[in-house]
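Position one of the sequence shown corresponds to residue 3 (this note's numbering), numbered consecutively onward. Ideal placement from N, C-alpha and C gives every residue a C-beta, glycine not left out. To keep things clear, I will list the structure first and then write my remarks on it.
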Amino acid sequence: MILKHITGSFIRTDKEWLHIAAKKISLAACFYKYVLPLAAIPAISAFIGAAVIGWDIGERNFKFTVESTIPLVIAFYFACIIGVAIIGQAIHWMATTYGTKKDLSTCMLLAITTLSPLFIGGIFALAPIPWVIFLAGLFSLAYSIYLLYTGLPVVMGINQEKGFLFASAVLTIGLVTLVGVLISTVIFWTLGFAPIHV
């Protein structure tokens with residue numbers, strides 16, 4: 003089921019958005035079927051890349067201890083889940099402003115579908131080469147933004163003009179959430195949870 007939505011959002015976007023708009027799913031099912039598995043991709047990849055393979059920077063390889071990496075990966079995993087929840091809730095909360103209303107589970111499904119390229123792109127953390135991760139992240143972000151602007155009007159049942167404004171507002175919240183996660187990471191590190199080199 004999860005692969006059907008992911009491939010649909012990449013290959014046949016119009017049909018997939020209509021399917022998502024009509025889909026009836028509970029909030030709990032939305033999380034355990036889609037959010038939790040997708041959020042695990044970058045978290046597990048980052049753990050393997052940092053603690054098992056190591057970062058290649060120049061001619062040096064930096065590897066972190068398993069003990070110091072696990073808490074960071076767990077925190078990152080939950081940060082991804084919370085990020086999806088914030089964006090999904092924001093879509094639901096702002097819907098009436100743009101003359102529409104959908105249930106929270108549909109808004110969460112819209113959020114995770116638009117964010118799926120970022121989560122899938124996290125697999126590149128398995129081979130932690132900075133420029134590869136940067137390019138993969140840039141492409142994933144661009145495609146997520148594309149999905150947001152094309153999918154939101156269809157799922158929320160509004161015209162393109164309102165959809166553009168709505169998507170821009172959601173994008174702003176997404177960027178603020180990302181900054182919040184980065185700040186939280188810095189605080190987490192200063193509290194003594196920074197990764198330790200092998």
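- For W133, the enclosing alpha helix (DSSP H) starts and ends at 132-158.
- Spatial neighbours of S146 in its own chain (CB-CB distance under 7 Å, excluding positions within 5 residues in sequence) are listed in chain order as T116, L117, P119, L120.
- For K164, the CB contacts under 6 Å within the same chain, skipping 5 residues up- and downstream, are Y100 in chain order.
- In the DSSP assignment, I59 falls within the beta strand (DSSP E) that extends over 57-59.
- Under the 10 Å beta carbon count, P73 is surrounded by fewer than 16 other beta carbons and is classified as exposed.
- Per DSSP, F49 is one residue of the alpha helix (DSSP H) stretching across 38-49.
- Of the residues assessed, I189 falls on the exposed side of the cut-off, its CB having fewer than 16 other CB atoms within 10 angstroms.
- In the DSSP annotation of this structure, the continuous segment of the alpha helix (DSSP H) that includes F168 starts and ends at 162-190.
- Annotation for G124: I43, P44, S47 place their beta carbon closer than 6 Å to its own, counting only its chain and skipping 5 residues before and after.
- The alpha carbon of L143 has as its nearest neighbour, out of I59, I55, G176, the alpha carbon of G176.
- Taking C-beta separations shorter than 6 Å and ignoring five residues to either side along the sequence, the partners of M110 in its chain run C32, G90, following chain order.
- In the DSSP assignment, H94 is bridged to no other residue.
- Taking every protein chain shown into account, the CB of F66 has 16 or more other CB atoms within 10 angstroms, so this residue is buried.
- If you ignore the 5 residues before and after L128, its C-beta comes within less than 8 Å of the C-beta of S47, I50, G51, I55, all in its own chain and listed in chain order.
- Here T108 is buried: its Cβ has 16 or more other Cβ atoms, across all protein chains shown, within 10 Å.
- Just measuring C-alpha positions, the residue of V157, I198, F64 sitting nearest P132 is F64.
- P155 is the residue among F168, L106, P155 whose C-alpha sits nearest the C-alpha of L20.
- With 16 or more neighbouring CB atoms inside 10 Å of its own CB, F168 falls in the buried class.
- If you draw a straight line from the Cα of T152 to the Cα of I198, it comes to about 43 Å.
- Restricting attention to D58, V157, Y34, the CA atom closest to the CA of V86 is found in Y34.
- Relative to the Cα of A171, the nearest Cα in the group V134, L106, W57, A97 belongs to A97.
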